[in-house]
Structure formats: C-alpha cells, structure tokens
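Quick note on numbering: the working numbering labels position 75 of the sequence shown as 71, and the sequence is numbered without any gaps. For glycine and all other residues, C-beta sits at the position ideal for the given N, C-alpha and C.
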Amino acid sequence: IEALWAHALLPFWDTQMGVRYDFSRGPTRTWAALGVQGISPFWFDVEATAYVGEAGRTAARLKAEYDIYLTQRLILRPEIEMNLYG
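Following this line, the structure appears as structure tokens:
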C-alpha cells in the first residue's frame, strides 16, 4: 500500500512524497517515499520514486508508459517498470 502527496514542480512535472507499507508472508516494512512524475518529451508518462526504510534499507522504482491510440476508443498502453533494492 502506498500513499503519496503530489505538488506541482514545473509544467507537466510533480514532486511526490509519502509512505509505502509492504506486507506479505515475510517481514512487513514501512518506507518513506520521495519522487517525481510527469510527461517527458514525446509524451511518455514517467515516474521515479526513491524509498528509505527501517535500518537504512533503500529502494527505487522507475516506471514509464506510453499510450498508442489504435482507435478513439481502443488504446494500447505498453509499460515498463524496474524495482531496485539496496
């Protein structure tokens, strides 16, 4: 679960801050989050978020997607996402 607050930084770009809570069969973790999201040239939706957790754990999430309009009602949205943990 992730709760982020966003604030406009530049036209088409927002800063984000908030918390993320991971729960699963293993240990649960709480993270502080700081990131940016926006629209890059050629209309790619881009999101980059850095996380800092308990005991100095770090993580990052990078995500990009693009809308391809096949018709006015049918949209193909390829998406790539990368999660990094340190």
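Quick one, which of G49, E61 and E43 has its alpha-carbon nearest V32's? Measuring from the Cα of V32, the nearest candidate turns out to be E43.
Short check: CB of Y17 to CB of T54, under 9 Å? Not a contact, by the Cβ cut-off of 9 Å.
For F38, three-class secondary structure by DSSP: F38: helix per DSSP, three-state reduction.
Identify every residue that forms a DSSP beta bridge with D10. Bridge partners of D10: A4 and Q33.
Measure the alpha-carbon distance for Q68 versus A29 and round it to whole angstroms. Near 36 Å, if we compare the C-alpha coordinates of A29 and Q68.
First through last residue of the beta strand (DSSP E) which encompasses T54: From DSSP, the beta strand (DSSP E) with T54 extends over T54 to E61.
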